[in-house]
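Working notes, beginning with the structure itself.
Residue numbers (mature numbering (1 follows the signal peptide of the UniProt record, and there is no 0)): -25 to -1, 1 to 125.
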């Protein structure tokens, strides 16, 4: 569909939505006046004038009763050519790494074979604390209850 045809279709849908909203507002206004609800004069003037009732405040309950929300689904712009994802590189030296030569560290960075060790790249991950936590979870403390002295 061409751009002009899409704009025409969009404008037609917007006009139909506005007309439907106005029709529902007039219907709700009739129901409210029949039920004895006091409707502000500004609301009656706006509806009688043919304008669409929305985006103004005249009391939360009355606004919800008169103006149901009708929205079109959001229009997504067409995706242009996406940039190709660059290959993995070493975080320190920038050397390209492949499947066999790429090492993902626990600190979250990618390293080559030279910088893969924690000492080589000054890793920020605390291996000691992680090891202690693992051992603590794997080996819970088991102790017998104390016996009273006789």
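Built from N, CA and C at the ideal position, the CB exists for glycine as well.
Could you tell me which residues DSSP pairs with residue i in its beta bridges?
| i | result |
| --- | --- |
| residue 78 | 86 |
| residue -19 | Residue -19 pairs with nothing; no bridge assigned. |
Whose C-alpha, out of the options, is nearest the C-alpha of residue i?
| i | options | result |
| --- | --- | --- |
| residue 81 | 6, 97, -13 | 97 |
| residue 113 | 123, 105, 119 | 105 |
| residue 100 | 120, -16, -18, 79 | 79 |
According to DSSP, is residue i part of a helix, a strand, or is it coil?
| i | result |
| --- | --- |
| residue 108 | helix |
| residue 71 | strand |
| residue 91 | coil |
| residue 102 | helix |
Less than 8 Å between the CB atoms is what I'm expecting for residue i and residue j, so what's the real figure, rounded?
| i | j | result |
| --- | --- | --- |
| residue 63 | residue 85 | 5 Å |
| residue 90 | residue 67 | 5 Å |
| residue 76 | residue 93 | Actually they do not touch by this definition, with Cβ atoms about 18 Å apart. |
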